[in-house]
């Protein structure tokens, strides 16, 4: 029997083995209904596996890819979803929209399994779920909204919303005071800043604080300390925070499976699945993608595997610009 291109691709990057592992992970979860809930299905969201790049962040287009699998889950009678999660972050509003989508489709429970790290939006997604599962070595990170800023030469850079807020509210007044610049000097410092960026920073931070107050901290004692740790005290975006540390702050919500013999087999299966993610086949996001773009791999499967990975292509040096007409030398006469 002749193999199809899909068969060859899945043999080259062990997609079939990943599928088998997802099936076995799902079986293990269903064997412990007393822990997870009734009839769970498994969905894998893994981005930024090798390279840090905004192109592979969790964003709204992921919901579109996932929706088809969620519909199949409901048709199969699934009442809960276990999300295998590995990400450096994503759009600030994605976690709430994603959880809302799952609730709206009738899933009673949503648990997240942090494979290794879930930073920023990944952390918020984990906090919004009913249960956070992972290893003692798994990490979450500060929920520090990032803003995209246009830079010279058409480049873009990413800055933390908390950094912008501190600059305007703390650093500039301190600088003006230390230098004896007075109110007029402080006004000049403010005038040199992008106050629109400050406004967007306040909006992003306000959104996160609302989600914490209305969703994450609802009925949770001592949650202000958690919010301080994950948002207001964040000094570095994606600074690792061990899941074990959060377990003591969220009793009953965090399950560390490597600390219980009951979950030894599940832990081994998850580790094996995570190890196979590095063998992903990749294709360009569009035909004839220009140099400097990224290659993204998204795969759907019976078990709802949604994987995004990026690999920056080399950026070619820009062509040398021709001098302006007034600087061009006249042709030499012969």
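Residue numbers (our numbering): 1114 to 1447.
Positions of the beta carbon are idealized from the N, C-alpha and C atoms, including for glycine.
Since this is a predicted model, take the numbers as computed values, not measurements.
Which value, in whole angstroms, describes the spacing of the CA atoms of residue i and residue j?
i	j	result
residue 1286	residue 1323	28 angstroms
residue 1193	residue 1288	53 angstroms
residue 1217	residue 1329	18 angstroms
residue 1222	residue 1390	26 angstroms
residue 1317	residue 1275	9 angstroms
residue 1379	residue 1148	13 angstroms
residue 1211	residue 1281	33 angstroms
residue 1123	residue 1131	The predicted position of residue 1123 is uncertain, since its pLDDT is 49 and thus under 50; no value can be drawn from it.
residue 1300	residue 1259	26 angstroms
residue 1250	residue 1271	28 angstroms
residue 1240	residue 1134	26 angstroms
residue 1290	residue 1262	28 angstroms
residue 1174	residue 1207	10 angstroms
residue 1157	residue 1358	24 angstroms
residue 1180	residue 1136	19 angstroms
residue 1360	residue 1252	11 angstroms
residue 1182	residue 1292	60 angstroms
residue 1362	residue 1335	8 angstroms
residue 1283	residue 1308	14 angstroms
residue 1338	residue 1209	21 angstroms
residue 1305	residue 1327	36 angstroms
residue 1078	residue 1187	Outside the shown range of the chain (1114 to 1447) lies residue 1078, about which nothing can therefore be said.
residue 1355	residue 1144	28 angstroms
Residues bridged to residue i by DSSP?
i	result
residue 1199	1159
residue 1355	1252
residue 1226	1197, 1246
residue 1154	1194
residue 1273	1259
residue 1339	Answer is none; residue 1339 lacks a bridge partner.
residue 1310	Its beta-bridge partners do not exist; DSSP assigns none.
residue 1231	1200, 1253
residue 1369	1247
residue 1285	Bridge partners of residue 1285: none, in fact.
residue 1240	Bridge partners of residue 1240: none, in fact.
residue 1171	1203
To which residues of the same chain is residue i closer than 7 angstroms at the C-beta, ignoring the five residues directly before and after it?
i	result
residue 1366	1244, 1245
residue 1384	none
residue 1236	1253, 1254, 1256, 1343
Closest to residue i by C-alpha separation, out of the options, would be which residue?
i	options	result
residue 1234	1172, 1275, 1282, 1228	1172
residue 1238	1198, 1263, 1228	1198
residue 1228	1375, 1368, 1374	1368
residue 1202	1296, 1139, 1159, 1291	1159
residue 1184	1219, 1209, 1150	1219
residue 1189	1295, 1336, 1180, 1154	1154
residue 1176	1141, 1215, 1295	1215
residue 1387	1200, 1236, 1253, 1341	1200
residue 1345	1309, 1256, 1362	1256
residue 1231	1333, 1364, 1374, 1343	1343
residue 1353	1224, 1254, 1375, 1182	1254
residue 1382	1226, 1204, 1298, 1332	1226
residue 1331	1242, 1204, 1236	1242
residue 1146	1224, 1298, 1355	1224
residue 1321	1213, 1144, 1374, 1205	1205
residue 1333	1273, 1303, 1355, 1364	1364
Going along the chain, which residues of its own chain have a beta-carbon closer than 8 angstroms to the beta-carbon of residue i, five neighbours each way excluded?
i	result
residue 1278	1311, 1314, 1315, 1318
residue 1142	1149, 1153, 1155, 1195, 1379
residue 1295	1289
For residue i, which residues of its own chain have a beta-carbon under 6 angstroms away from its beta-carbon, when the five flanking residues on both sides are left out?
i	result
residue 1248	1371
residue 1151	1192
residue 1340	1325
residue 1139	1155
residue 1213	none
For the ligand GDP, is there a heavy atom less than 7 angstroms away from the beta-carbon of residue i?
i	result
residue 1195	Among the components of this structure there are no ligands whatsoever, and the ligand GDP is therefore not found.
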